[in-house]
Structure formats: C-alpha cells, structure tokens
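Here my numbering is used: position 60 in the sequence shown is 77, and no number is missing along the way.
Ideal placement from N, C-alpha and C gives every residue a C-beta, glycine not left out.
What you are looking at is a predicted structure, and each value in this text was computed from that prediction instead of being measured.
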Amino acid sequence: MSETSRDGVLVTGAGTGFGLATALRLAARGFEVFATVPDPAQTDAVHAAAAQAGVSVHVLRLDVTDAESVASAVAAAVERTGGLYAVVNNAGLGLRGFFEDLADAEIRRLFDVNVFGSLAVTRAALPHFRRARRGRVVFVSSAGGRIGAMSLSGYCAAKFAIEGLAESLALEVAPLGISVSLVEPGLVMTPHFTVNRGRARAALDPAGPYYRWFVRHEAMVDEVLRARRIVPQDVARTIERALTARRPRLRYVVGTGARLMVGLKRCLPDQVFARLYEAQVVRMVTRPRRSDETERVPARLGMERND
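Structure below.
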C-alpha cells in the first residue's frame, strides 16, 4: 500500500486506548479513518486528539451490540470512500474475577461485546470486501486468547472464541483476497487494564470464597503493569503492520512478556507449562495469609468498555 493511500479503515472502540492510538496512527499513515465510539459524548475528545496529532478522522457512533448501529456505521464508511479496505475490531469489555464470582449476566454481556460485536461488524463489512476482491480484518485479541489465566476465566473464554473465529474465517476468505489477522497484546498501560479493569461485582465481596486470592492477583497485575512499559502505541504500530504488510500474518503477539509466555505455551507440554504457571502465579496467590497482610481492593466495580 502506498503512503498516500486513502483506503478506508473502520476502527471500533476508538474513544481511548488501543482504538484511539490506532485511529491516529492510521490517519497519519494516510488512511481515511472512521473512528467509532459507542457514546456520542466521546466525539469531541477524539476530534481533539486528532487535531493535537495533526490528523483528521471521521467519528461515527457505533454500538457493536446494536445491529442497526453496526449497519449504519459500515454503510456510512462505504458511502464516504466508495468501498472499505479494512475493519479493526477493537471494542471490548474487561471482566476480572474467579469463575464462581462471575454472574451469568456479566459473562453474557462480555460475549455480546467482545465476541458477537466483532462478529457483527465483520459480517457487515465482508460483502464489500468480497465485491472488491480485497480487504483486511483485524481482531484485537489478547495473549489471554492463547493462554488461560487465574481470575480471567470469562475474559479468556471470550478471547479464545475470537481466536477460533479468526483462524477459521481466515481460511474461508483467503481465496477471495481477504486477509484476517489477530493482534495479541499482553498487559498494556491503558484504562482497560488500570482504572477501568472491569471487576466482577461478587469478586469484591470480602465474604466471598476467592476474595483473598483475587486481591493478591490484582496486586500482581499492578506490579506487572508498573514493570512493563508497553503502551497503546505499541499495539497501534502492530495493527498498522497487519494492515500494510504485503503478506499479513494470522497472529501478531505484542510485548516481550506475552511473546515469552505464548512461546513457552506452544513449546512445552501442557503439564510442564501448568507447573511453571503454578510456581510463578498460583502459589503466590494462594499462599497462607501473613499476619500483617492487608486484603482490600479499590471499590471500583462493573464491566468497562475498551473504547
């Protein structure tokens, strides 16, 4: 793709974090970017960020759980560009908590946004890609789509679903000139992983059976975030590669830690990897309580959108 291309790219969940960084980077690269947000109140902030970056983007409202909203946003992008080159499925929710603490409604909401939302946007774009005999689909997945983790059973389940969908879809549409890529970050310094972590309501109940373990696991996540300096721009750079590579890969892992863990998971027998994870994480989380140990998490709860 040339540096001056005005191919249209629709990015979901572009209000903050990965989505906003991606929208700005792609606009700087020369794409005509449709930065979508579920809440129109985010529009001014996105335009302000674009102006500060010296680029221009179109901001569209798109709620990935609303079929009419999806159809309207994709149609608007197609009408503006005469076609659409790519969609970046970034919109998503976080949900942290041990499995027994996850309410059915929380899990369904998670899948509605993270799985069925991405499915809906992709399905709306595919007819336009087929007609053009070209197009690219990017799913922002996670290292948690390759590796299960404590306190992330619901989230990992949704990301594993996206991995299976993308891998199968890639086989179906490759003969049509359409590529599918998964971008798999580890922990990144965004609101999605910091203030808006999306903790399950029951996980914050001090009387719950997993509360002490949950508190410790959250503290471990905070330590990892402080130690690693991966930022949204790293993810945006990887998404750009997936959209501009002559032969895009199916999977792009972002972050040294994530690449190490995914590599170990791929190379080691399951039992060996499980013992390694147990030694590094499980034992630290489940050890007996010390007399001086404080067990408390901030009272922020609920599921937060990655947009």
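**Q.** Backbone CA spacing between P55 and L277 [nearest angstrom]
**A.** 34 Å
Q.
So the candidates are V104, R233 and V91; which of them puts its Cα closest to the Cα of V299?
A. Comparing alpha-carbon positions, the option among V104, R233 and V91 lying closest to V299 turns out to be R233.
Q | Integer Cβ distance of A160 from V252, believed to fall under 8 Å | A | A Cβ-Cβ distance of about 12 Å is found for the pair A160 and V252, leaving them out of contact under the 8 Å criterion.
Q) So R283 is in the alpha helix (DSSP H); what residue range does that whole segment cover? A) T273 to C284
Q: Could you tell me whether the Cβ atoms of R113 and S168 are closer together than 8 Å?
A: The answer is yes: Cβ separation under 8 Å.
(Q) V72 and A63 - do their beta-carbons sit closer together than 8 Å? (A) At residue 63 the sequence reads Val, which differs from the Ala that was named. Contact flag unset, no.
Q: In the DSSP assignment, find the unbroken beta strand (DSSP E) run with T29 in it and report its ends.
A: Per DSSP, T29 belongs to no beta strand (DSSP E) and is neither H nor E.
Q. Ends of the alpha helix (DSSP H) at E189?
A. Where E189 is concerned, the enclosing alpha helix (DSSP H) stretches over S170 to V190.
Q | CB contact flag (V197, A220, <8 Å) | A | no
Q: Would you kindly check if the distance between the Cβ of D118 and the Cβ of Y227 is under 8 Å?
A: yes
Q) Between the segment 100 to 107 and the segment 135 to 155, do three or more beta carbon pairs fall short of 8 Å? A) yes
Q. What residue ranges within the segment 117 to 172 form continuous beta strand (DSSP E) runs of no fewer than 3 residues, ordered along the chain?
A. 152 to 157
Q | Supposed contact pair A66 and L41 - C-beta distance, whole angstroms, cut 8 Å | A | 6 Å
Q: Answer yes or no: do V26 and F48 have a C-beta to C-beta separation smaller than 8 Å?
A: yes
Q.
Can you give me the C-alpha to C-alpha distance between P223 and A236, rounded to a whole angstrom?
A. 16 Å
Q: Quick one: which unbroken beta strand (DSSP E) runs of 3-plus residues sit fully inside the segment 56 to 126? Chain order, please.
A: If only complete runs of 3 or more residues are kept, the segment 56 to 126 shows the beta strand (DSSP E) at 75 to 78 and 103 to 106, in order along the chain.
(Q) Distance check for T82 and D129, CA to CA, integer angstroms please. (A) 6 Å
Q. Among residues of its own chain, excluding the 5 on either side of I256, which ones have a beta-carbon nearer than 7 Å to its beta-carbon?
A. T39, V105, V155 and V200
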